[in-house]
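Chains as they are written, first to last, in the working numbering: chain A, 1 to 511; chain B, 1 to 462. Glycine included, every Cβ here is placed at the ideal spot set by N, Cα and C. Heads up, the thing below is written out as structure tokens.
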């Protein structure tokens, strides 16, 4: 035996089974085995999904999240009908309704957990593409041709790379192999293990993760080449040294969940370690100012970017803004100020803590902002020299593809990784010790609920499944590269405008 | 520097256990009596702190649970479940949804602005106020006020007529006589309750809250005259047949109903009491006749047009009538076209259920809003409307301790005020008076749809 220090290691992007940390995973269906069971284990042989397992000739608690549902269970050759003592009951899980919300429905949460566990789409009837918010992505569908336009296209060879430096200005020429990188989640809002799980998983796929505004903990140093350091209005932990460490620097002007407001980190989550990195006092609530008080014009904005470019002469600069009515002007202004990436964060994006009134009401959802900015940049003739990144409510691979079809080059995610780590969207990350599930917390006891290797693996699996889905979507559309999808709204239908109700389920190819 | 406006919020307990969104269903049968039961591991101590409440004859467990699902997943026999509470689901109505009632309860109890983790979890958009997003300012906006701390944001509004211009003599001395006005520190007044288990205790609580907040409360004259000491904060709603018969000299502001005799009453009051602010309470209806009367009242020097929508914020007495936001926009742009908008104040009420509705009404064109049912919710109202049918109030609002009621209302308005500041700060607007009709700083869903999806996805033959 020897000790492998995984804390310094970029893992392989390989799918490995990573089951739930908490007893049994939550599923859409429950399988109950009554006391009449005689442990004959006939069901173990019958079930195609492995809901029933044997353990020393006994039947341990079932893995009911794998169950295909009532329809399957009642078939003549399946478990219910074949139990000699009629001891198996299958029904809907009564708890599932209490999970999630309109954007992250119980189905979407559970399918995301399935992807994180297995790297595959759920084989049962869980809805894995959209939520029930009744607008935006949830009303968009892909219009796949009946037959794949290029039938001999090798799915695994379909190109999903995105260039982050389209300026070709002699700075780092960075291509990420998947059109996704990790959004800023600060140390303090999430635990160090969560932070490193995200960083390692994105690194495994050759992509990046932003530090968020909470500074640059030393534990991140081994992954310098996969990190985007964030400069936000609070300037917590921003030093020349951290700006020089990385290849991409991100200016956070605003955050979609609380546009026009600074970051919030409430006192109880500001532990000794968090305070040290942020150079503040433990236990004090940290409210970042808004806006950058050094930036009141586009010239000031350019000065900001020039400052970073001088400190780090090879680094790329990303500008993260929210989505006000003049977001298109902001985007083109950022281009002329010298940004490589313009990152739009829509109003339904994630946060560790924000006033509810801000999350719901300020700035426009990302679905409107993407086409608005894309077409404006095209008309200005600068679209090809800027990478347009969208975030704020990207929950599934379908959301990724839709965002790109609306005009983005790629996306940034955050919440979906936390869901992969078994977030249940209880919305309590802001208070007290933080997350009861050990994800968005800095409490020493709760942090211990998650192990780094497991966390990394869950996110690697999710990204793997997303990549497969993206390639399948491109295959069905007959596109050889994700870049052919950018701004290609012809492949989409919007249910409010279209008589057709296209079915874009791709499960049959990917279970 | 002027005295800062400060609302003194203090946490104050509920009288009844809160009806929560979800409940724990805990079957004892089949329990294995594990040595380390998941219930002992609850990080919120829910199972430790539960007790039996005799006021509701039920377990208080659901008040503490935060739905982390760890016990649900952890129990090896799957004996613990979470379900949506049917009592919660049936709270309120279409506008006063269970979510809105719960969040107002919470604000009345804590006085704090609701802050939570994780992104927005609601619908993409909806009817009425839910089809608007307010704007914010990022970097390149010359119109952005420098806001150096939220204490510099003012929510003051003035009720009274405004002169089109000021006139000075050759020596720079002001010649114009400034009209009288009332200045209140928040763009919110208390309006008449459309229903409620009301009693003198409730009225005392409401009046005392208005006094503490420095705002106004509109109430029928019969009620208003019972609080002579607080007449400065009370707007007496008179009927036209009372004009000239009752003494209104101690009020700063009165309101008249909109009927055949209103114009006459208005002229009379303005002549007799030049300093009295007079409002006319009109049904918020989209009709040329309505607007014609608004113009008439304006030319007779009315100070305030009070546009009243129905309980759910729509045109009263009409099936599928317009929403208050559209009614406000209509009268606002009508007055703008006539060049009269600055002369008169527009007070909008009916269906103001959340803090965001206040600012959205202002952005559509109101000067201030009136709130009603939300104040009852602060007193734990469940919007069941039993009282309207003569049935007992499930939370006996008429029996409240007035001091408790006052603090609850102060808390709710304090939390709303704080949210106003947040949203104004985000917009870079330092003055609530400047919000009025600022439709360039708000995004309507229909406009966004037309600019984007309608262009991309409209099919020619559909």
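Identify every residue that forms a DSSP beta bridge with residue i.
| i | result |
| --- | --- |
| residue 159/A | 481/A |
| residue 219/B | 236/B |
| residue 348/B | 307/B and 369/B |
| residue 175/A | 163/A |
| residue 281/B | 257/B and 306/B |
| residue 272/B | Residue 272/B pairs with nothing; no bridge assigned. |
| residue 209/A | 182/A and 227/A |
| residue 354/A | 116/B |
Please list the partners that residue i has in chain B, where partner means a Cβ-to-Cβ separation under 7 Å.
| i | result |
| --- | --- |
| residue 362/A | 133, 134, 136, 423 and 426 |
| residue 22/A | 70, 73 and 74 |
| residue 348/A | 119 and 120 |
| residue 494/A | 453 and 457 |
Which chain A residues are close to residue i, counting only those with a beta carbon under 9 Å from its beta carbon?
| i | result |
| --- | --- |
| residue 68/B | 424, 426, 428, 435, 436 and 437 |
| residue 451/B | 368, 371 and 372 |
| residue 64/B | Chain A residues near residue 64/B: none, gap ~12 Å exceeds 9 Å. |
| residue 231/B | Within 9 Å Cβ-Cβ: nothing; residue 231/B doesn't reach chain A, min ~34 Å. |
| residue 341/B | Chain A residues near residue 341/B: none, gap ~23 Å exceeds 9 Å. |
| residue 84/B | 97 and 98 |
Whose C-beta lies closer than 7 Å to the C-beta of residue i among residues of the same chain, with five residues either side of it excluded?
| i | result |
| --- | --- |
| residue 140/B | Any reading at residue 140/B must be qualified, since the residue scores a pLDDT of 48, below 50, and its modelled position is unreliable; the value itself is stated next. The answer is none, since no qualifying residue turns up. |
| residue 359/B | 134, 420, 423 and 435 |
| residue 40/A | 84 |
| residue 249/B | 273 |
| residue 261/B | 240 |
Excluding the 5 residues preceding and the 5 following residue i in the sequence, name in chain order all residues of the same chain whose CB lies nearer than 6 Å to its CB.
| i | result |
| --- | --- |
| residue 348/A | 365, 392 and 393 |
| residue 232/B | 252 |
| residue 447/B | none |
| residue 25/B | 81 and 83 |
| residue 449/B | none |
| residue 272/A | 282 |
| residue 387/A | 164, 166, 341 and 409 |
Quick one: list the residues of chain A neighbouring residue i, beta-carbon separation under 7 Å, in chain order.
| i | result |
| --- | --- |
| residue 81/B | 94 and 95 |
| residue 22/B | 98 |
| residue 456/B | 371 and 489 |
| residue 125/B | 135 |
Can residue i and residue j be called in contact, C-beta distance under 7 Å?
| i | j | result |
| --- | --- | --- |
| residue 463/A | residue 104/A | no |
| residue 316/A | residue 171/A | yes |
| residue 352/B | residue 383/B | no |
| residue 300/A | residue 320/A | no |
| residue 186/A | residue 214/A | yes |
| residue 242/A | residue 292/A | no |
| residue 313/B | residue 365/B | no |
| residue 142/A | residue 399/A | no |
| residue 286/B | residue 242/B | no |
Leaving aside the five residues before and after residue i along the sequence, list all residues of the same chain whose C-beta is less than 8 Å from its C-beta, in chain order.
| i | result |
| --- | --- |
| residue 388/B | 195 |
| residue 182/B | 158, 159, 160, 216, 252, 253 and 277 |
| residue 221/A | 245 |
Please compile the residues from chain B whose C-beta is within a distance smaller than 8 Å of the C-beta of residue i.
| i | result |
| --- | --- |
| residue 213/A | By Cβ distance, chain B contributes nothing, its closest Cβ being about 16 Å from residue 213/A, past 8 Å. |
| residue 355/A | 113, 114, 115, 419 and 422 |
| residue 26/A | 69, 72 and 73 |
| residue 351/A | 117, 118 and 119 |
| residue 138/A | 124 |
Quick one: is residue i near chain D, going by C-beta distance under 7 Å?
| i | result |
| --- | --- |
| residue 61/A | Of the protein chains in this structure, namely A and B, none is chain D. |
Could you tell me which chain B residues have their CB closer than 9 Å to the CB of residue i, listed as they occur along the chain?
| i | result |
| --- | --- |
| residue 446/A | 43 |
Looking at residue i and the ligand ZN, is the gap between the Cβ and the nearest heavy atom below 6 Å?
| i | result |
| --- | --- |
| residue 46/A | Inclusion of the ligand ZN in the displayed structure is not the case, the ligand content being empty and no account of it being possible. |
Against residue i, what residues of chain A qualify as contacts under a CB-to-CB distance less than 8 Å, listed in chain order?
| i | result |
| --- | --- |
| residue 459/B | 497, 498 and 499 |
> When Cβ atoms are compared, which residues of the region 433 to 449 of chain B fall closer than 7 Å to chain A?
Replying inline: Of all residues in the region 433 to 449 of chain B, 443 and 448 have a Cβ within less than 7 Å of some Cβ in chain A.
>> Under 9 Å, CB to CB, which of the residues in the region 354 to 387 of chain B have a partner in chain A?
In response: Residues passing the 9 Å Cβ filter: 354, 355, 356, 359 and 360.
> Taking any Cβ of chain B, which residues in the region 399 to 411 of chain A have a Cβ under 7 Å from it, in chain order?
Replying inline: Along the region 399 to 411 of chain A, none of the residues has a CB nearer than 7 Å to a CB of chain B.
> Listed in chain order, which residues of the region 258 to 271 of chain A have Cβ atoms closer than 9 Å to some Cβ of chain B?
Replying inline: If the cut-off is 9 Å between Cβ atoms, the region 258 to 271 of chain A has 258, 259, 260, 261, 264 and 266 near chain B.
> Along the region 281 to 300 of chain B, what residues have a CB closer than 8 Å to any CB found in chain A?
Replying inline: Within the region 281 to 300 of chain B, no residue has a Cβ lying closer than 8 Å to any Cβ of chain A.
>> Give me the subset of the region 102 to 123 of chain A whose CB atoms are less than 9 Å from a CB atom of chain B, sorted by chain position.
In response: Those residues of the region 102 to 123 of chain A that come within reach of chain B (Cβ to Cβ, closer than 9 Å) are 102, 103 and 104.
> Looking at chain B, which residues of the region 191 to 204 of chain A have a Cβ within less than 8 Å of any of its Cβ atoms?
Replying inline: Of all residues in the region 191 to 204 of chain A, none has a C-beta nearer than 8 Å to a C-beta of chain B.
> Quick one, which residues of the region 140 to 156 of chain A are near chain B if we go by CB-CB under 9 Å, in chain order?
Replying inline: Residues 140.
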